[in-house]
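As structure tokens, the structure follows; a few thoughts come after it.
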DNA sequence: CCAAATCTGATGTACGTAAATCAAAAAATG
DNA sequence: CATTTTTTGATTTACGTACATCAGATTTGG
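Protein chains in written order, with the numbering used here: chain Y, 1 to 341; chain L, 1 to 341.
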């Protein structure tokens, strides 16, 4: 049987109340006494029964998710996953709030972070916009003792406790190698469609992609990045235009959202020549395109895993508990038409 | 606030004791009364607080894992992950036992299943050997009300509640497409290294591989399967021999274990000609080979996820709770040298 | 050394559920 | 209708922890 507070009290030769004071860092315990208790805790290998503690406290974890108000499939999916978590909140003792802020607007995000901080939640998850003032606002939250995890897009250099998202440099590198290998030594040009170079995850993907391409596939030449603003219409226009004007394009890497437009442009051009295409994020559109051969591979991050992981980590941090690192690593999914879920 | 048993009692106009009888299916409740209570439960949306219930019951989940006594990296890893779960058992209220049975020995497995059944555990996870008597033994366990999940290798047609492992047909298909695309339309022969065609997961991988190859890459010809018995020495011998005798081999699919031998054979032959190689299971050896270019891609199943998932599912089934399907789907990891964890 | 401040113990209640006991009520049986 | 059987209620204890209160002990400071 695992030891309880009673065992600790007995072993340390103190009362239950004193053990409680030590455990919950309440004042009124002399240094020597505190040490006796801490030794007993260590010796007996006591671990607090979190379930019982939560029951006694009637604890719920008020968590806030801050998302950009972007109108694309991925963000919709992320939102849906958070709402699914809300539906589970009764059994998970969470009380989740979702707030949306204008996309790419660091000031709005900072304001929201300050509003949220005032509510003293048990944890905050945010899709970070990469800016110094956001970093500062996040650091302030952390200083106030509020656990913070970044979601999907990280905020390196900040004090956030955890990042629930994929390694985007690795994603870009992987895309490059897949594309390079699929093209099998052919010589030609590559088009790159991004959302915006202002977003960190897109920049990182491009960085990884370009670096592997330069090192290992010198026969492939990268044309200037097309910024589609994650908008299907813009993406369509850019890709159609690029394909019309440049005969040498044999491959495309779409590292952002708005793939609906990309796919439409590809279908219109279908007869012309074979293109090898790699895109990000599995949605209804990209899935269909993968199955019909318009897209050759999809790199994906599982929004459901990211959300569940963020919640687990926030709860653990709020309780000062350890997390299973391997479990919280968000993996880069590579989908071919054969291994779709 | 979520409703409690007290609220149910009040709403149904019965006493706490009666609610308890209904909830825990104890006898002594008239049909009409039972219905009143059940209606109240439904109306108020009552969900039992599992944490409180477990606390009151002092419940622990005695779980048994049955593994084949195979001496390869993957099984060692699986074992290690289960032991890691044992280390967490205090906080997870589990009491996990690991038993090993001779590999590929269905009778031994059946005997063990019967021994285990007698101990009435809260759940059983097993790496299934695909045989009718095993199926029958598993079905008996299920009939006795013991939750069963298959691990790594499934037992289709049995009544097992869940399979914690990858879709091996999809894995084989994925390997085929990767290999086909990497070879970029070249014409030649492929060597296939398996452990044993008696194991279901290996058969399924081959089946998926062969089917995609036949349909989509007719220029690639499959040579007869080499059965390496998951033994590095045997694998080395077989591959070295095949490469020496067949000049036309341009690619290899290793769908089982014993990759240490394969890698050695490949390094010895390195100068001869470039080979495209895809292997299963990420281990120290395959990882090194992927990084140095000996292997081009690794397909992997995350043993840690499989174990944690199996435990979650067994506990949920034991409590009659729902599982989050998406969370329990074991994904096929595809590793290139760029996205290694 | 006394008073004040600080520390410690003893005790009780609470959280939501499980499980047991015993009494009381209702229903079924003859 | 009386008796037996079944069903229901009331109440209590327990699980492991949190938290509050109050009395008593010990340590400080003057």
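We put the beta carbon where it would ideally sit given N, CA and C, even for glycine. Fair warning: this is a prediction, and the values are worked out from it, not measured in the lab.
At least one CB of chain L lies nearer than 7 Å to the CB of residue 47/Y.
Relative to the Cα of residue 12/L, the nearest Cα in the group 44/L, 24/L, 26/L belongs to 44/L.
When rounded, the separation of the alpha-carbon atoms in residue 164/Y and residue 171/Y is 15 Å. Interface residue (Cβ-Cβ distance to chain Y less than 7 Å): residue 173/L is classified as such.
By the neighbour-count criterion, in which a residue is buried when 16 or more other Cβ atoms sit within 10 angstroms of its Cβ, residue 153/L is buried. Judged by their CB atoms, residue 286/Y and residue 259/Y are nearer to each other than the 7 Å cut-off.
One Cα belongs to residue 97/Y, the other to residue 180/Y, and the distance between them is close to 43 Å.
Take residue 188/L, set aside five residues on each side of it, and the residues of its chain with a beta-carbon closer than 6 Å to its own are 248, 250, in chain order.
Taking 3 residues as the minimum length, the beta strand (DSSP E) runs contained wholly in the segment 79 to 160 of chain Y are 94 to 101, 123 to 126, 148 to 151, in order along the chain. As summarised for the segment 286 to 326 of chain Y, the continuous alpha helix (DSSP H) elements at least 4 residues long and confined to that stretch are 303 to 318, given in chain order.
Taking a C-beta cut-off of 9 Å against chain Y, none of the residues of the segment 242 to 262 of chain L qualify.
When 8 Å is used as the limit between beta carbons, residue 77/Y is near no residue of chain L, the shortest such separation being about 11 Å. Contact with chain L is found for residue 334/Y, since one of that chain's Cβ atoms lies less than 7 Å from the residue's Cβ. Flagged as an interface residue toward chain Y: residue 170/L, by a C-beta distance shorter than 7 Å.
The criterion of a C-beta distance shorter than 7 Å is not satisfied by residue 298/L and residue 314/L. Shown in chain order are the members of the segment 307 to 338 of chain Y whose Cβ falls below 7 Å from a Cβ of chain L: 308, 326, 327, 329, 331, 332, 333, 334, 336, 338. Inter-segment contact for the segment 59 to 69 of chain Y and the segment 110 to 129 of chain Y is present: three or more beta-carbon pairs are separated by less than 8 Å.
If you check each beta-carbon in the segment 64 to 94 of chain Y against every beta-carbon of chain L, the ones closer than 7 Å belong to 90, 91. Residue 68/L sits in a strand when the DSSP states are folded into three classes. Put simply, the CB of residue 51/Y is near chain L, with a gap under 7 Å to one of its CB atoms. The Cβ atoms of residue 256/Y and residue 221/Y do not sit closer than 7 Å to each other.
The beta carbons of residue 277/Y and residue 252/Y sit closer together than 7 Å. In the three-state DSSP reduction, residue 62/Y falls in the strand class (E or B).
In this structure, residue 134/L places its C-beta atom within 7 Å of the C-beta atom of residue 110/L. A residue is called buried when at least 16 other Cβ atoms come within 10 angstroms of its Cβ; residue 81/L meets this threshold and is buried.
Looking at the DSSP output, residue 265/Y shares a beta bridge with no other residue. Chain-ordered, the chain L residues with CB closer than 9 Å to the CB of residue 185/Y read 184.
Under the DSSP assignment, residue 38/Y falls in the alpha helix (DSSP H) whose first and last residues are 31 to 44.
Cβ proximity to chain Y below 7 Å picks out nothing from the segment 275 to 294 of chain L. For residue 222/L, the enclosing beta strand (DSSP E) begins and ends at 220 to 222. Collapsing the DSSP output to three states places residue 231/Y in coil. Segment contact: the segment 333 to 340 of chain L against the segment 286 to 295 of chain L, three or more CB-CB distances shorter than 8 Å; contact assigned.
Contact annotation: residue 228/L and residue 243/L have beta-carbon atoms that are not nearer than 7 Å. Under the Cβ distance rule, residue 59/Y does not count among the residues neighbouring chain L, no pair being separated by less than 7 Å. Put simply, the backbone Cα of residue 158/L is about 31 Å away from that of residue 87/L. At least 7 Å separates the CB of residue 188/L from every CB of chain Y.
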